[in-house]
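J.: The working numbering puts the first residue of the sequence shown at 139, with every later residue one more than the last.
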Amino acid sequence: MEVHTSRTRGPSAWLRRYGAEPPAAEATLVCLPHAGGAPTFFRDWPELMSPRVDVLAVCYPGRQDRFHEPPVTGMAELADAVATALVPLADRPLAVFGHSMGAAVGYEAARLLRARHGIELSYLFVSAMVAPHRLRRRSRHLLSDTELTAELLAQGGTDAGVLADDELRALVLPAVRADYRLIETYRHDAGAEPLDTPVVAYHGLQDPAVTEAAVQEWRRHTRGTAEARSFPGGHFYLREARRALTADLRERLLATARPLTRPAGAVPGRAACTGNEPR
């Protein structure tokens with residue numbers, strides 16, 4: 139099946155939109171994938187959302203059509219690039235959803251958006267990630283390829299068929315290893331000022347690494363409202379719960395929506411070509 143995506147040069151080379159920009163969109167949701175993840179993880183979300191919500195996903199370097207770019211291995215660099223890509227989208231309510239590593243990236247990008255550009259997100263949605271100050275030291279990025287493959291199989295976020303194929307596995311593991319290095323060497327700034335953004339923390343009830351108590355502590359990082367929501371499932375609960383999850387997101391986003399203040403596609407960095415994106 140042909141997949142139509144939007145991509146631009148410059149900062150918006152980081153963003154992918156599956157399908158056309160909805161002309162009636164009154165809010166924007168940008169999705170940040172997990173370690174080793176790609177924007178196609180969210181490819182069906184536009185269909186599950188309201189046409190009043192424009193859904194985009196971030197493509198990190200080192201995967202899909204950015205395969206030949208070296209992966210980013212430092213949180214500061216990645217958060218800076220993501221924040222820069224989001225600035226042109228702030229002409230209407232802008233929210234971020236980050237899963238696992240993507241949640242930490244989204245949080246740091248939100249801090250930069252406020253500090254450098256005076257932009258406060260309408261929502262920060264964090265998924266399957268403990269609060270930043272609760273992150274513990276790990277060293278999965280130092281595992282052997284065999285051990286790293288076993289780790290990915292146990293988590294369930296990577297297609298087992300991909301990991302069983304020598305050539306495909308060789309393409310996947312470098313990005314995973316780089317992302318693990320990024321999140322495992324990331325240290326939260328204990329003196330960071332809390333956001334004013336409402337934060338909703340989602341997690342799977344059977345996720346052994348992310349407990350409800352741990353996600354509740356996201357409230358320490360905002361002066362806005364903070365909620366924790368749970369769904370059946372493990373670390374990748376959102377595969378099975380995507381309809382219920384996107385329904386919850388949709389309700390919250392539509393409550394913040396407002397009519398667009400410009401013609402669709404007019405913001406620099408949104409003009410796009412259409413083509414096929416590798417899966």
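No residue lacks a Cβ here, since even glycine has one placed at the ideal position from N, Cα and C. A quick note: this is a predicted structure, and the numbers were derived from the prediction, not measured.
Here's the rule I'm using: 16 or more other beta-carbon atoms within 10 Å means buried, otherwise exposed. How should H341 be labelled?
T.: Here the question's residue 341 lines up with position 203 in the sequence shown. With 16 or more other Cβ atoms within 10 Å, it is buried.
J.: What is the DSSP secondary structure of T178, reduced to helix, strand or coil?
T.: For the purposes of this step, residue 178 is taken as residue 40 along the sequence shown, with counting starting at 1. T178: helix per DSSP, three-state reduction.
J.: Could you check which residue in M239, D229, S188 and L232 has the C-alpha nearest to that of P171?
T.: Mapped onto the sequence shown, residue 171 falls at position 33. Among M239, D229, S188 and L232, the Cα nearest to that of P171 belongs to M239.
J.: In chain order, what residues of the same chain have a beta carbon less than 7 Å from the beta carbon of D218, not counting five sequence neighbours either side?
T.: Start at 1 with the first residue of the sequence shown, and residue 218 comes out as number 80. Cβ neighbours of D218 beyond the five flanking positions: L250.
J.: Please name the residue or residues paired with A195 in a DSSP beta bridge.
T.: Taking the first residue of the sequence shown as 1, we reach residue 195 at position 57. According to DSSP, which records beta bridges pairwise, A195 is partnered with R154 and C169.
J.: Following the continuous beta strand (DSSP E) through V337, name the residue where it begins and the one where it ends.
T.: Taking the first residue of the sequence shown as 1, we reach residue 337 at position 199. Counting along the chain, the beta strand (DSSP E) containing V337 begins and ends at V337 to G342.
J.: Within the chosen definition, does the stretch 320-330 reach the stretch 206-220 through at least 3 CB pairs nearer than 8 Å?
T.: yes
J.: Based on DSSP bridge pairs, tell me the residues matched to T367.
T.: For the purposes of this step, residue 367 is taken as the residue at position 229 of the sequence shown. Before going on, a small fix: residue 367 reads as Arg here, not Thr. Per the DSSP secondary-structure output, R367 pairs in a beta bridge with Y340.
J.: Decide if the stretch 257-264 is in contact with the stretch 331-340; the criterion is three or more beta carbon pairs, one per stretch, under 8 Å apart.
T.: yes
J.: Suppose you measure from the CA of P346 to the CA of V234; what does that come to, to the nearest Å?
T.: The sequence position of residue 346 within the sequence shown is 208, counting from 1. The sequence position of residue 234 within the sequence shown is 96, counting from 1. Approximately 25 Å between the Cα atoms of the pair.
J.: Tell me the residue span of the alpha helix (DSSP H) that contains A233.
T.: As a working mapping, residue 233 is identified with position 95 in the sequence shown. Premise fails: A233 lies in the beta strand (DSSP E), L232 to H237, not in any alpha helix (DSSP H).
J.: Considering only the beta carbon of each residue, do E355 and A269 sit closer than 8 Å?
T.: Your numbering for residue 355 matches position 217 in the sequence shown. Your numbering for residue 269 matches position 131 in the sequence shown. For E355 and A269, yes; Cβs fall inside 8 Å.
J.: Just grab the DSSP bridge partners of V264 for me.
T.: Within the sequence shown, residue 264 is the residue found at index 126, counting from 1. Its beta-bridge partners are G236 and A339.
J.: Comparing C-alpha positions only, which one of V220, A393 and A316 sits nearest to V168?
T.: For the purposes of this step, residue 168 is identified with residue 30 of the sequence shown, where counting begins at 1. The residue with the shortest Cα to Cα distance from V168 is V220.
J.: Rounded to whole angstroms, what is the Cα-Cα separation between F369 and E305?
T.: Along the sequence shown, read from residue 1 onward, the residue named residue 369 stands at position 231. Along the sequence shown, read from residue 1 onward, the residue named residue 305 stands at position 167. Going from the Cα of F369 to the Cα of E305 covers about 35 Å.
J.: Per DSSP, what are the beta-bridge partners of H360 in this structure?
T.: Start at 1 with the first residue of the sequence shown, and residue 360 comes out as number 222. The sequence as given places Thr at residue 360; His does not occur at that position. DSSP output for T360 lists L333 as bridge partner(s).
J.: Could you check the C-alpha separation between A241 and H373 for me, to the nearest Å?
T.: For the purposes of this step, residue 241 is taken as the residue at position 103 of the sequence shown. For the purposes of this step, residue 373 is taken as the residue at position 235 of the sequence shown. The straight-line gap from Cα to Cα measures roughly 13 Å.
J.: Any idea what DSSP makes of T287, helix, strand or coil?
T.: Position 149 of the sequence shown holds residue 287. Three-state DSSP puts T287 in a helix.
J.: What's the C-alpha gap between R201 and T363?
T.: Along the sequence shown, read from residue 1 onward, the residue named residue 201 stands at position 63. Along the sequence shown, read from residue 1 onward, the residue named residue 363 stands at position 225. Straight-line Cα distance between these residues: approximately 35 Å.
J.: Look at the alpha carbon of L383 and the alpha carbon of A328, and state the distance between them as a whole number of angstroms.
T.: For this step, residue 383 is matched to residue 245 along the sequence shown. For this step, residue 328 is matched to residue 190 along the sequence shown. Approximately 31 Å between the Cα atoms of the pair.
J.: Mapping DSSP to helix, strand and coil, what is D203?
T.: On the sequence shown, position 65 is the one that residue 203 refers to. Reduced to three states, the DSSP call for D203 is helix.
J.: Using a Cβ-Cβ cutoff of less than 6 Å, which residues in the same chain neighbour P184 once the five nearest sequence positions on both sides are dropped?
T.: Within the sequence shown, residue 184 is the residue found at index 46, counting from 1. The beta carbon of P184 lies closer than 6 Å to those of Y156, G157 and V193 in the same chain, with the five residues before and after it left out.
J.: Do you know offhand how far A162's Cα is from T287's?
T.: Residue 162 sits at position 24 when you count from the first residue of the sequence shown. Residue 287 sits at position 149 when you count from the first residue of the sequence shown. Straight-line Cα distance between these residues: approximately 43 Å.
J.: Identify whether E244 lies in helix, strand or coil by the three-state DSSP scheme.
T.: On the sequence shown, residue 244 is found 106 positions in, with the first residue counted as 1. Before going on, a small fix: residue 244 reads as Gly here, not Glu. Note: G244 maps to helix in three-state DSSP.
J.: On the three-state DSSP scale, how would you describe V353?
T.: Start at 1 with the first residue of the sequence shown, and residue 353 comes out as number 215. Here V353 sits in helix by DSSP.
J.: How far does the alpha helix (DSSP H) with D218 in it reach, from first residue to last?
T.: Sequence index remark: in the sequence shown, residue 218 carries index 80 (1-based). Per DSSP, the continuous alpha helix (DSSP H) segment holding D218 begins and ends at M213 to L224.
J.: Could you tell me how far apart the beta carbons of L227 and T166 are, in whole angstroms, since I believe they sit closer than 8 Å?
T.: Along the sequence shown, one-based indexing puts residue 227 at 89. Along the sequence shown, one-based indexing puts residue 166 at 28. Their Cβ separation, rounded to whole angstroms, is 5 Å, which keeps L227 and T166 in contact under 8 Å.
J.: How would you label R377, buried or exposed, when you count the other beta carbons within 10 angstroms and need 16 or more for buried?
T.: The residue given as residue 377 occupies position 239 in the sequence shown. Per the 10 Å Cβ criterion, exposed.
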